[in-house]
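Residue numbers (the working numbering): 403 to 888.
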Amino acid sequence: VIIGGGVVGLSILHSSLLAGYNAILLERNPDLCDGASGRNSGIICTGVDAPSGSLERALIRDSISRVRDFCVEHNVPMRECGSLVCLWPWDDHDDDTTTHVEDEKKIDDENAFVTRAVSSNDKLKRVLQESHVAGDNHAALLTSETVSELEPALSSQCVGAVHIPGEIVVDPWLFPLALATHARELGKQLNQDKNVDVIQTGREVVMDASSFNAKEGIWNLVTQRCGKDNEEVVFKTKSIINAAGINSDLMQMSASSVASDINSPTFAARPRRGQYIVYSAPEKFPTLTRPIQPVPTDRTKGIFVYSTLYNQIVVGPTAKDQSSRTNDEIERSVAKELAAHATRVFDTHMGSSSLQSDVDFDPRIVGEYVGIRPGTSKRDYQIQLHCHANFITVGGIRSTGLSASLGIGRHVVQSLLCSIVCQSEEKMVSVQQQAPTPLPDVVSLVEQYHCRGDGCIHVGGHEYRVTHPLTRMGWGARTGIAASGE
403 VIIGGGVVGL
413 SILHSSLLAG
423 YNAILLERNP
433 DLCDGASGRN
443 SGIICTGVDA
453 PSGSLERALI
463 RDSISRVRDF
473 CVEHNVPMRE
483 CGSLVCLWPW
493 DDHDDDTTTH
503 VEDEKKIDDE
513 NAFVTRAVSS
523 NDKLKRVLQE
533 SHVAGDNHAA
543 LLTSETVSEL
553 EPALSSQCVG
563 AVHIPGEIVV
573 DPWLFPLALA
583 THARELGKQL
593 NQDKNVDVIQ
603 TGREVVMDAS
613 SFNAKEGIWN
623 LVTQRCGKDN
633 EEVVFKTKSI
643 INAAGINSDL
653 MQMSASSVAS
663 DINSPTFAAR
673 PRRGQYIVYS
683 APEKFPTLTR
693 PIQPVPTDRT
703 KGIFVYSTLY
713 NQIVVGPTAK
723 DQSSRTNDEI
733 ERSVAKELAA
743 HATRVFDTHM
753 GSSSLQSDVD
763 FDPRIVGEYV
773 GIRPGTSKRD
783 YQIQLHCHAN
793 FITVGGIRST
803 GLSASLGIGR
813 HVVQSLLCSI
823 VCQSEEKMVS
833 VQQQAPTPLP
843 DVVSLVEQYH
853 CRGDGCIHVG
863 GHEYRVTHPL
873 TRMGWGARTG
883 IAASGE
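Here it is, written out as structure tokens:
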């Protein structure tokens, strides 16, 4: 049983079924990807900002090596554009650079520019070096002139950039949808009872009421249907995979009170809110092809500016720690911060409000949203095996769940699950090697979305609610690939 219906849980389910395991996914919300996976950026990164030698970087690299084939096979739209890590004159400086800036006040403008350029070049060289260490061997330094040629919409103040060619922009909702639809196809192949759905939404795990038989190695997992009837169903399972996102530490804590061989979590959730603002593409600007990101720090990747597959300009996310695991309200002060950043990057005014009565009204704003990222007190993923209790926790996936999802699924199934569920005991079924049914083309999905008018689409015999704001905004406007189908 996999607990959690975000992109990570769906990838684990998909990998489990591909390997022949009898698996099922439980999601407490009525819809899939209604948490962090429904509020991400839609950018698949290459792991340059993940700690060197970390499990996070390794799983991102594994995922990025397969994601293109996955998108092609499942008809998930993508833009293989790479990204630009740009350095700007207003970027925060380290101590050495600050000293240089103070010294520059004493010398002429020409020498000041040289001093600043040397410091900036060092920063970009560090990004380039880390990119190569991460496996992006084709990453390269670009001059400000080259940046202007590649992205003429940007301000000419860009000092220079590192081009990371491996990064990809995808539709952030269609990617996990492809995992879900193929998982359901695989489930029908594996289960003799064709009425069994391997994805069950609106079903909450009641871990405190569950039990584990250590002698037999069997869990009796109690679940409750969310709604008026509160229907209770007990799943008898040999293993549990905890992919509960921001609540993975709480789920493990509850499980530790049921099975003595499960330790209390060694990590604690640290919710980090990322706020975004979305504009329609400025009419007078050339299309922005590559995501524009700042030089990352140990704490955050910084605020991105990029174009979705629907030709809408996204600015975000911010990175603000908070105690609440659920508060996703828009903060006006943060919206102003995002608009100010976009104004500098484009060198043209970008407003922060969609309200006509607001002094900073901007008619190009099509929406805003906040995602609560499942950060923890650790700098790496917290993927832990409790072998004597047949329990696996997949926590601390922070902001790279989409990027690493394929790698996480394979790692959990091939490296961990196989060690606690013997293949001979499981009587695994051989999955027929047949191509998955690809998703319908975007234009037909958009047409269905508008005709229904209830925020849902019907694919592969199942109904899915479009939970990601970027997909909803793009489909609502019928711009980019939603208009052309390209």
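Glycine included, C-beta positions come from ideal geometry on N, C-alpha and C.
request  = Leaving out five residues on either side along the sequence, give the residues of the same chain with a beta carbon under 7 Å from the beta carbon of ASN622.
outcome  = SER612, SER613, VAL636, LYS638
Problem - Neighbour-count burial assignment, ARG775, 16 or more Cβ in a 10 Å radius - result: buried
Taking the C-alpha atoms as reference points, what is the distance between HIS565 and MET875? When rounded, the distance between both Cα atoms is 28 Å.
Give the straight-line distance between the Cα atoms of GLU731 and GLN677, rounded to the nearest whole angstrom.
9 Å
| query | Do you know offhand how far VAL391's Cα is from MET655's? | reply | Because residue 391 is not part of the residues shown, which for the chain are 403 to 888, the question remains open.
Use the C-beta contact count for HIS416: other C-beta atoms within 10 angstroms, 16 or more gives buried, fewer gives exposed. buried
Quiz prompt | C-alpha distance - ALA563 paired with VAL487, whole-angstrom precision | solution = 5 Å
Could you tell me which residues DSSP puts in a beta bridge with MET480?
VAL572
**Request:** Could you check the C-alpha separation between VAL549 and VAL796 for me, to the nearest Å?
**Result:** 39 Å
Subject >> Which listed residue (ASP843, THR625, SER662, SER682) has its alpha carbon closest to that of VAL707 >> reply: SER682
### Query
According to the Cβ coordinates, are GLN850 and HIS864 closer than 8 Å?
no
Whole angstroms are fine: how far does the CA of SER485 sit from the CA of GLY887?
Bear in mind that a pLDDT of 47 at GLY887, under 50, signals an unreliable position, so the model cannot answer this.
Exercise. Please list, in chain order, all residues of the same chain as THR881 whose beta carbon is under 6 Å from its beta carbon, the five residues on each side excluded.
Key: For THR881, where only same-chain residues beyond five positions count, the Cβ hits under 6 Å are TYR712, ASN713.
Inset, instruction - Would you tell me roughly how many angstroms separate the C-alpha atoms of VAL697 and ALA744, rounded to the nearest one? - result: 16 Å
- Query: What residues in its chain sit with their C-beta under 6 Å from that of VAL624, if we drop five residues either side in the sequence?
  - Reply: VAL608, ALA611, SER612, VAL636
Subject >> Proximal residues to GLY604 (C-beta, below 8 Å), its chain only, five neighbours per side dropped >> reply: GLU429, ARG430, ASN431, PRO432, ARG627, CYS628, GLY629
Any idea if THR802 is buried or exposed, counting beta-carbon neighbours within 10 angstroms, 16 or more meaning buried?
With 16 or more Cβ atoms within 10 Å of its Cβ, THR802 is classed as buried.
Original post:
Would you report the Cα separation of THR873 and PRO574, rounded to the nearest angstrom?
Top reply: 7 Å
Query raised in the report: Hey, out of LEU427, ILE799, LEU808, SER821, whose CA is closest to ALA602's CA?
Result: According to the sequence shown, residue 602 is Gln rather than Ala. Comparing Cα-Cα distances from GLN602 to each of LEU427, ILE799, LEU808, SER821, the minimum goes to LEU427.
- Coarse secondary structure for THR548, derived from DSSP in three states: helix
Cβ-based neighbour list, ARG781, same chain, cut-off 6 Å, excluding 5 preceding and 5 following:
PRO453
How would you label THR720, buried or exposed, when you count the other beta carbons within 10 angstroms and need 16 or more for buried? So THR720 counts as buried.
Three Cβ pairs or more, each shorter than 8 Å: is that satisfied between the region 786 to 795 and the region 643 to 651? Result yes; three or more Cβ-Cβ pairs closer than 8 Å.
- Query: Rounded to the nearest angstrom, how far is the Cβ of SER533 from that of LEU808, given a contact under 8 Å?
  - Reply: About 21 Å separates the two Cβ atoms, so there is no contact after all.
**Asked** Identify the residues that DSSP records as bridge partners of GLN784: which are they?
**Response** GLY797
Taking DSSP as the reference, what is the three-state secondary structure of GLU733? Three-state DSSP puts GLU733 in coil, outside helix and strand.
Does DSSP put ILE822 in a helix, in a strand, or in coil? Note: ILE822 maps to helix in three-state DSSP.
Have a look at ALA542 and ALA536 and give me their C-alpha separation to the nearest angstrom.
If you take the alpha carbons of ALA542 and ALA536, they lie about 13 Å apart.
- request: Determine the contact status of CYS447 and VAL572, defining contact as a CB-CB distance below 8 Å.
  value: no
- Please name the residue, chosen from GLU634, LYS640, THR778, that lies closest to LYS617 on a Cα-to-Cα basis. LYS640
Open item on the list: Using the Cβ count rule (16 or more neighbours within 10 Å means buried), how would you classify LEU526?
Closed with: Buried: at least 16 other Cβ atoms inside 10 Å.
How many Å lie between CYS820 and HIS813 at the Cα?
10 Å
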